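Worksheet: one structure, shown below.
There are 2 protein chains.
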Amino acid sequence: MLETTNERAGMPAVSATQGRPSGSAGTQRRRAGRPSAAVLDKAGITAAALELINRKGYDGLTMAALARELDVAPSALYNHVASKQDVLLLVEDHLMSLVDVSGFGSGAWEAGVRTWAWSYRDVFAAHTPLIPVIAVLPVTDAPQTLAMYETVSKGFADAGFPQEHIIPAIVALESFIFGSAYDVTAPEDIFESGSMAESTPYFTAAVRSSASRRDAPAGQERGRPADTAFHRGLEALITGFGAIRK
Amino acid sequence: MLETTNERAGMPAVSATQGRPSGSAGTQRRRAGRPSAAVLDKAGITAAALELINRKGYDGLTMAALARELDVAPSALYNHVASKQDVLLLVEDHLMSLVDVSGFGSGAWEAGVRTWAWSYRDVFAAHTPLIPVIAVLPVTDAPQTLAMYETVSKGFADAGFPQEHIIPAIVALESFIFGSAYDVTAPEDIFESGSMAESTPYFTAAVRSSASRRDAPAGQERGRPADTAFHRGLEALITGFGAIRK
DNA sequence: ACCACTAAATGAACGGCATTCATTTATTAG
DNA sequence: CTAATAAATGAATGCCGTTCATTTAGTGGT
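Protein chains in written order, with the working numbering: chain A, 1 to 246; chain B, 1001 to 1246.
This is the structure we're talking about:
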């Protein structure tokens, strides 16, 4: 198959999430064989997967649970996706459309990058299990992802970046964003050294004095420790990369 | 170096990896009940897990395979570790001892950070499945990890960093390092936009001109695209953070 | 109008996985 | 000496992703 690119170009957008409960008692089985109207499509599968993730987390996202959500036998899913990895791919690409690239093109490059980077981090902080998927995923079959890269690339080009520096800069920023997304999910006491505190004096002192900061957020900086680190790192990267513009 | 902490302080260092094949025909079963000399310990489990990972990758690291490597029933492992996650933890902490922190204390802070960051990235580029583990792992029961943080913290303090800025700086650098480790494993043609290239002109152009660079590595910068991005990002972070020293 | 082909569903089955439990044997503490 | 604990086996459990044979419905060609 592999028809050229897109998935469901001009499709009728059947809401496949509501499986027509049909009034009567809850879960009456569908009889075998192809149904008159298709029950599943990629959009419906994506929506159901997201719903499931939001309700039960990524541990709750199993092919069986997904099938149950769609009121379908598990094996039916494999008529539309090749694997669970394929489902994660669909979810990932959808999430990319939630990343805010509106800051590019309007005002200063720095502001565009800030909006993009913070929203990018926030989206994937809630979906860290997808990060290993994204990082290795070819953009070819991920239209939303490709669209995001296009807007960001244009933002950099318009800001005067030399062509050959654009991709490395985006990649470096993205790497920082992915790593920082993990950081958001870490427990706040992750650095508590416990019983061996006296053997690590410098580290223990540094942790204490950084944890005591409970001041009001200024500018883009928000409250949590992860936000402080992200703010500082992002500003350093913006300054560093901003200097190589023509 | 770094010897301070370490588990199994004065143990007899029994090589638990070689399970005494005992001359005779290959796999003769051990009889049930506690053996006179203990077969397993945490160090042996860690070594076997690493061996398995190097030979078969992380997909090959199963509790059953690990038990087989140690010539033991799978359930025996649970007398020494509580879960597979626990095994990953042991491996992770061991890997931390491979990160090169020798650059701190000798010369300039910048050089110390460079050595540390590059080796840190290289170690975990070969072990990306551990990154989600580290990022959420409390440092308490990871002595090697703690030792690394201590050395790095001291390096920052000696370089004149204000106490409260040390942890955020390390966290930001670490986030960048983890994200960049993923980047190393990505296929080189990850950005090939394929059939929809004409709808993403800016991105496609940027990809083309960055891919054409095949020049000799200068300084810390190595050959691959991932190295270029890492080099640029790291230097930007070093410059940015270096400025806040007293 | 027929007929072959393909698409989309069911339901049973499979192998692999982490983990638990009862049992056996050996060591250690009181 | 004896009770408790530690460390092994081996059987069993439940879940997970995936495959396969089967059934039914639409589709394209003559």
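For every residue, glycine included, the Cβ atom is placed at its ideal position computed from N, Cα and C. A quick note: this is a predicted structure, and the numbers were derived from the prediction, not measured.
Can you give the Cα-Cα distance for residue i and residue j, rounded to whole angstroms?
i, j, result
"residue 1075/B", "residue 1115/B", "42 Å"
"residue 204/A", "residue 1234/B", "25 Å"
"residue 1095/B", "residue 34/A", "53 Å"
"residue 131/A", "residue 102/A", "23 Å"
"residue 1201/B", "residue 150/A", "7 Å"
"residue 1018/B", "residue 1070/B", "Reliability fails at residue 1018/B, whose pLDDT of 39 lies under 50, so the model's placement of it is uncertain and the value that follows must be treated cautiously. Their Cα atoms are separated by approximately 7 Å."
"residue 1088/B", "residue 1045/B", "10 Å"
"residue 1244/B", "residue 1147/B", "25 Å"
"residue 55/A", "residue 48/A", "11 Å"
"residue 1152/B", "residue 1051/B", "29 Å"
"residue 199/A", "residue 173/A", "35 Å"
"residue 1160/B", "residue 77/A", "58 Å"
"residue 241/A", "residue 163/A", "13 Å"
"residue 37/A", "residue 43/A", "16 Å"
"residue 1225/B", "residue 1211/B", "8 Å"
"residue 136/A", "residue 1083/B", "28 Å"
"residue 26/A", "residue 41/A", "Residue confidence for residue 26/A is low, a pLDDT of 40 falling below 50, so the modelled location carries little weight; the figure read from the coordinates is stated next. So the two alpha carbons sit approximately 22 Å from each other."
"residue 1209/B", "residue 1232/B", "17 Å"
"residue 59/A", "residue 125/A", "16 Å"
"residue 1106/B", "residue 1158/B", "11 Å"
"residue 117/A", "residue 30/A", "46 Å"
"residue 197/A", "residue 1104/B", "21 Å"
"residue 154/A", "residue 1063/B", "49 Å"
"residue 1022/B", "residue 1081/B", "With a pLDDT of 36 at residue 1022/B, under the threshold of 50, the predicted position of this residue should be treated as unreliable, and no value is reported."
"residue 195/A", "residue 1032/B", "38 Å"
Please return the same chain residues whose Cβ sits closer than 7 Å to the Cβ of residue i, not counting the five positions on each side in sequence.
i, result
"residue 128/A", "181, 182, 185"
"residue 123/A", "95, 98, 99"
"residue 119/A", "99, 100"
"residue 61/A", "49, 52, 53"
Less than 6 Å between C-beta atoms, sequence neighbours within five positions excluded: which residues of the same chain meet that for residue i?
i, result
"residue 1156/B", "1166"
Just to confirm my understanding: we take residue i, look at its own chain, exclude 5 residues before and 5 after, and list those with CB closer than 8 Å. What are they?
i, result
"residue 1073/B", "1067"
"residue 1133/B", "1085, 1088, 1089, 1092"
"residue 193/A", "200, 203, 204, 207"
"residue 246/A", "160, 161, 162"
"residue 239/A", "none"
"residue 1065/B", "1052, 1056"
"residue 1079/B", "1040"
Let me check you understand the geometry: is the CB of residue i closer than 7 Å to at least one non-hydrogen atom of the ligand FAD?
i, result
"residue 1094/B", "No copy of the ligand FAD occurs in the structure displayed, which carries no ligand at all."
Could you tell me how far apart the beta carbons of residue i and residue j are, in whole angstroms, since I believe they sit closer than 8 Å?
i, j, result
"residue 187/A", "residue 1138/B", "7 Å"
"residue 145/A", "residue 93/A", "6 Å"
"residue 176/A", "residue 237/A", "6 Å"
"residue 1230/B", "residue 1121/B", "6 Å"
Chain B contacts made by the segment 188–204 of chain A, where a contact means CB separation under 9 Å: Closer than 9 Å at the C-beta level to chain B, one finds these residues of the segment 188–204 of chain A: 189, 190, 191, 192, 193, 194, 195, 196, 199, 200, 201, 202, 203, 204.
Three or more C-beta pairs below 8 Å linking the segment 164–179 of chain A and the segment 102–111 of chain A: No contact exists between the segment 164–179 of chain A and the segment 102–111 of chain A.
Contact set between the segment 162–178 of chain A and chain B, restricted to residues whose Cβ is under 9 Å from the partner: Cβ contacts with chain B come from 162, 163, 164, 165, 166, 167, 168, 169, 170, 171, 172, 173, 174, 175, 176, 177, 178.
Contacting positions in the segment 141–155 of chain A - beta carbon closer than 9 Å to chain B: Hits within the stretch, in order: 141, 143, 146, 147, 149, 150, 151, 152, 153, 154, 155.
Chain A contacts made by the segment 1230–1242 of chain B, where a contact means CB separation under 8 Å: Answer in chain order: 1230, 1232, 1233, 1235, 1236, 1237, 1239, 1240, 1241.
Interface residues of the segment 116–127 of chain A facing chain B [CB-CB below 8 Å]: For the segment 116–127 of chain A, there are no residues whose beta carbon sits under 8 Å from a beta carbon of chain B.
Contact set between the segment 53–80 of chain A and chain B, restricted to residues whose Cβ is under 8 Å from the partner: Residues of the segment 53–80 of chain A with a Cβ closer than 8 Å to any Cβ of chain B: none.
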